[in-house]
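Below is one structure, written out as structure tokens; the observations come after it.
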Amino acid sequence: MSQSTLLNYALSKPLIQTVPYFHALDDDALRDVAQEMLERHYHSGELIFLEGEPDAGLHLVATGHCKVYRMSEGGREHVLATLGPGDSCNEVPVVDGGPNPANFAALEDSTVWIISAEALRRLRRKHPALNDMIITNLAMRCRQLVKRVYNLSFLSVTGRLAAFLLEQSDEHSALSRRTWTQDEIAAHLGTVREMVARAFKELNEAELIVVERHRIEIIDREGLAKLV
Numbered sequence: 015m016s017q018s019t020l021l022n023y024a025l026s027k028p029l030i031q032t033v034p035y036f037h038a039l040d041d042d043a044l045r046d047v048a049q050e051m052l053e054r055h056y057h058s059g060e061l062i063f064l065e066g067e068p069d070a071g072l073h074l075v076a077t078g079h080c081k082v083y084r085m086s087e088g089g090r091e092h093v094l095a096t097l098g099p100g101d102s103c104n105e106v107p108v109v110d111g112g113p114n115p116a117n118f119a120a121l122e123d124s125t126v127w128i129i130s131a132e133a134l135r136r137l138r139r140k141h142p143a144l145n146d147m148i149i150t151n152l153a154m155r156c157r158q159l160v161k162r163v164y165n166l167s168f169l170s171v172t173g174r175l176a177a178f179l180l181e182q183s184d185e186h187s188a189l190s191r192r193t194w195t196q197d198e199i200a201a202h203l204g205t206v207r208e209m210v211a212r213a214f215k216e217l218n219e220a221e222l223i224v225v226e227r228h229r230i231e232i233i234d235r236e237g238l239a240k241l242v
């Protein structure tokens, strides 16, 4: 991890405006947000914060990709979310004052912007519109978690993989964020690599996707959607 540095507002403003918590703020408010942010750089695989530790603040991914995950007592990893530029995490402890609910680590060399809970409280008092945006986005996260629990509870591994591919693909039906390993996908789906390999084979044989060495292409989105 590099030392923390303050943000350059002119350079950071375009990305800050894409963050759901801040996109509706005026220029003065955005400038205040930028002034409260610290920038840190992390290497691939580097741990950013640990589950159970005191609140680490709101984290925003500026460049690269990071993962939010939990570990079982047996050492099995379950990925709760994979975040790219403009995505955020650790909102809950910033609001309720509790410890970090999950681990956060860099999947590749990444730049992360951080706002402490105290700084966010100052911003919320000065710019009340932030409160509505935080509530709205926490509600959206809750809906996403309900959907995720449903998928884990009621969908087969093949169905979960279909949902994952649809979520991660762009409008051109190519996985849009990064190169995924089957181990990473398994951790995201709550299963093991062998089951993911079997599910990929099933979707490939059904001609719903094409799997090449470093590329996955969806050729039948409607067919995948029927499995979800």
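Sequential numbering of the sequence shown, starting at 15, is according to this note's numbering. Built from N, CA and C at the ideal position, the CB exists for glycine as well.
By the CB criterion at 8 Å, D40 and N114 fall outside the cutoff.
Scanning the region 25-98 for uninterrupted beta strand (DSSP E) segments of 3 residues or longer gives 52-56, 61-63, 72-77, 80-85, 91-97, listed from N- to C-terminal end.
In this structure, the alpha-carbon of L134 lies about 15 Å from that of D42. Looking at the DSSP output, I230 sits in a beta bridge with V225.
Using a Cβ distance threshold of 8 Å, G78 and V33 do not count as a contacting pair. Cβ-Cβ distances below 8 Å link G112 to D69, V106 in the same chain, with the five nearest sequence neighbours on each side left out; the list follows chain order. When DSSP reads this structure, W194 sits in no beta bridge, so it has no partner.
Contact annotation, A120 with H57: C-beta distance approximately 7 Å; criterion of less than 8 Å satisfied.
A residue is called buried when at least 16 other Cβ atoms come within 10 angstroms of its Cβ; R227 does not meet this threshold and is exposed.
If you draw a straight line from the Cα of Q158 to the Cα of N165, it is about 11 Å long.
The beta carbon of R207 lies closer than 7 Å to those of Q196, D197, A200 in the same chain, with the five residues before and after it left out. When the Cα atoms are used, W194 and A211 turn out to be separated by approximately 13 Å.
When rounded, the separation of the alpha-carbon atoms in V109 and P142 is 14 Å.
Counting C-beta pairs closer than 8 Å gives fewer than three between the region 172-179 and the region 125-140, which falls short of the contact rule. Look at S130 here: in three-state DSSP terms it is coil, with no helix or strand label. Rounded to whole angstroms, the gap between the alpha carbons of T125 and C156 is 26 Å.
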